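Presented below is the structure to which this report refers.
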Amino acid sequence: MTDQDNVPPPGTPRHSGVHTSDGRATAGGDTAQPNLQGASDTDGQATDRPSEAGYDSVPPALEPAAREPAFNLPSSLVWILTVLVVIHAVRMYLLSVEIDDELIFNFAFLPARYDHALSEQGLAWLWTPVTYSFLHGSWEHLIFNAFWMLAFGAPVVRRIGAGRLAVFWCLSAIAAVGFHLALHWGDMTVVIGASGVVAGLMGAAARFVFSPSGRISRQFAHRNPRLSIREALSNRSVLFFAGVWFATNLLIGLGLFTLDGGAGIAWEAHIGGFLFGFLFFGLIDPPTGYDERVQQD
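In case it helps, our numbering puts the sequence shown at residues 838 to 1134.
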């Protein structure tokens, strides 16, 4: 689970300590690679029976010849992380406080914009529901979001590709702050951070990364059939993961997690992002689904 930060209004020096941290909930650790070798029965005869039929299975031709590298990330995900790091570095080390405050005002999400007639203001209300997700309050905030983005974004990106990831990023960012806006209409505190998008990636991953036994294959999880919403809500691993995730955000909402400098955590944006990823991932998932490919394998 990751966070989306509330930061003080523009004009407050950025070095006053706007730090963020996230509640932590994980979908489970890496497990051993799927066993595709024939298992022996009690008579010593080989049987060609995968342990999880229909999940995490690949034809022998696709079996890795060598051990999987420790870091095997989709290139599009690496590029996104690079852009986030460059943006934050420029803000921290190249821009003056005044220029950075102006940048925050024009590209961070501000609920108060929508409490005024849109025709009487600039166009920042149009792009800030997306651009806020490229800004972060501190290096700690960025690193923490990057960690969870790598964990849950990698299988999603492998599954949907770079083009659909761009669509997913924009829609999940909008859904995250949309939910936040509904509960904080007219609020003057700006919202920044990719945490809503990361929460969306978590919700999307919950629809396909778990096998029936609850295991996750780091290399082949993206090939699993996508669970329907009903199937996902009947899967104990999905329910446990979602339960821990929502419980952690509830604790954040109750104020049990605080940040340096008094900055708040926009936990409502997490919920909006997660619900979007979980409920609407089927609209982003490629139409040539992995269900057919796994059956053919």
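Just so you know, even glycine gets a beta-carbon here, dropped at the ideal spot from N, CA and C. Predicted model, so just to flag it, every value in this text is computed and none were measured.
Nonlocal neighbours in the same chain, by C-beta distance under 7 angstroms from residue i, ignoring five residues either side
{"i": "Phe-1016", "result": "Glu-1105, Ala-1106, Ile-1108 and Gly-1109"}
{"i": "Ile-967", "result": "The sequence given here places Val at residue 967; Ile does not occur at that position. Same-chain partners within the cutoff: Cys-1007, Ala-1010 and Ile-1011."}
{"i": "Arg-1090", "result": "Per the sequence presented here, residue 1090 reads as Gly, with Arg not at that position. Excluding sequence neighbours, Gly-1090 sits near Trp-1104."}
{"i": "Phe-1047", "result": "Ile-1053, Asn-1072, Ser-1074 and Val-1075"}
{"i": "Pro-992", "result": "Ala-1042, Val-1046, Ala-1058 and His-1059"}
{"i": "Leu-1020", "result": "Glu-1105"}
{"i": "Val-1004", "result": "Ile-1121"}
{"i": "Val-994", "result": "Pro-911, Ser-913, Leu-914 and Leu-1002"}
{"i": "Leu-1018", "result": "Pro-948 and Tyr-951"}
Close beta carbons around residue i, own chain, < 8 angstroms, minus the five adjacent residues each side
{"i": "Leu-823", "result": "Within the shown structure, residues of the chain are numbered from 838 to 1134, placing residue 823 beyond reach of any answer."}
{"i": "Gln-874", "result": "Note that Gln-874 scores a pLDDT of 41, beneath 50, so its modelled location is shaky and nothing firm can be said."}
{"i": "Leu-1116", "result": "Gly-1040 and Ile-1066"}
{"i": "Leu-931", "result": "none"}
{"i": "Pro-1123", "result": "Arg-996, Ile-997, Gly-998 and Arg-1001"}
{"i": "Leu-955", "result": "Trp-962"}
{"i": "Glu-957", "result": "none"}
Residue i: first and last residue of the uninterrupted beta strand (DSSP E) it sits in
{"i": "Val-1027", "result": "1027 to 1029"}
N-terminal and C-terminal residue of the alpha helix (DSSP H) that residue i is part of
{"i": "Arg-1063", "result": "Unbroken run through Arg-1063: none, as it is neither H nor E."}
{"i": "Val-1004", "result": "976 to 1020"}
{"i": "Tyr-969", "result": "Counting along the chain, Tyr-969 falls outside any alpha helix (DSSP H), and DSSP gives it neither H nor E."}
{"i": "Asp-937", "result": "934 to 944"}
{"i": "Glu-1105", "result": "1104 to 1121"}
{"i": "Arg-950", "result": "From DSSP, Arg-950 is part of no alpha helix (DSSP H); its letter is neither H nor E."}
{"i": "Phe-1045", "result": "No alpha helix (DSSP H) holds Phe-1045; DSSP gives it neither H nor E."}
{"i": "Leu-914", "result": "912 to 930"}
{"i": "Arg-959", "result": "This sequence places Gly at residue 959; Arg is not what is there. Taken as a continuous stretch (DSSP letters only), Gly-959 belongs to no alpha helix (DSSP H), as it is neither H nor E."}
{"i": "Leu-1091", "result": "Counting along the chain, Leu-1091 falls outside any alpha helix (DSSP H), and DSSP gives it neither H nor E."}
Proximity to residue i [Cα-Cα], best of the options
{"i": "Pro-911", "options": "Val-1028, Thr-1026, Ser-1009 and Leu-987", "result": "Leu-987"}
{"i": "Gly-1033", "options": "Asn-943, Val-1075 and Gly-990", "result": "Gly-990"}
{"i": "His-1069", "options": "Val-1081, Arg-1044 and Ala-1084", "result": "Per the sequence presented here, residue 1069 reads as Ala, with His not at that position. Closest option to Ala-1069, Cα to Cα, is Arg-1044."}
{"i": "Asp-952", "options": "Leu-1093, Gly-1023 and Ile-1121", "result": "Gly-1023"}
{"i": "Ser-975", "options": "Phe-942, Ala-1003, Glu-939 and Ile-924", "result": "Ile-924"}
{"i": "Leu-914", "options": "Arg-1063, Leu-1038 and Pro-1123", "result": "Leu-1038"}
{"i": "Val-920", "options": "Leu-955, Leu-972, Val-993 and Ala-954", "result": "Leu-972"}
{"i": "Val-1028", "options": "Leu-1002, Ala-926, Ile-941 and Glu-935", "result": "Ile-941"}
{"i": "Gly-1114", "options": "Ile-1102, Leu-947, Arg-1063 and Met-1025", "result": "Arg-1063"}
{"i": "Thr-965", "options": "Ser-933, Phe-1078, Asn-909 and Ala-1031", "result": "Ala-1031"}
{"i": "Ala-945", "options": "Ser-933, Val-1004, Gly-1092 and Met-1025", "result": "Met-1025"}
{"i": "Leu-979", "options": "Ile-1102, Val-922, Phe-1077 and Trp-916", "result": "Val-922"}
{"i": "Ser-970", "options": "Gln-958, Val-1014 and Phe-1077", "result": "Val-1014"}
{"i": "Leu-1088", "options": "Gly-959, Ile-1102 and Ala-926", "result": "Ile-1102"}
Cutoff 6 angstroms; reference residue i; Cβ partners in own chain excluding five residues on either side
{"i": "Arg-950", "result": "Trp-962"}
{"i": "Gly-1119", "result": "none"}
{"i": "Ala-983", "result": "Leu-918"}
{"i": "Asn-943", "result": "Ala-961"}
{"i": "Ala-862", "result": "With a pLDDT of only 39 at Ala-862, under 50, the local geometry of the prediction cannot be trusted, and the value read off the model is given with reservation. Excluding residues within five positions, the ones whose Cβ falls inside 6 angstroms are Met-838, Val-1081, Trp-1082 and Thr-1085."}
{"i": "Pro-906", "result": "Note that Pro-906 has pLDDT 46, beneath the 50 cutoff, so the model's placement of it is unreliable and the number below is only indicative. Result list for Pro-906: empty, nothing under 6 angstroms."}
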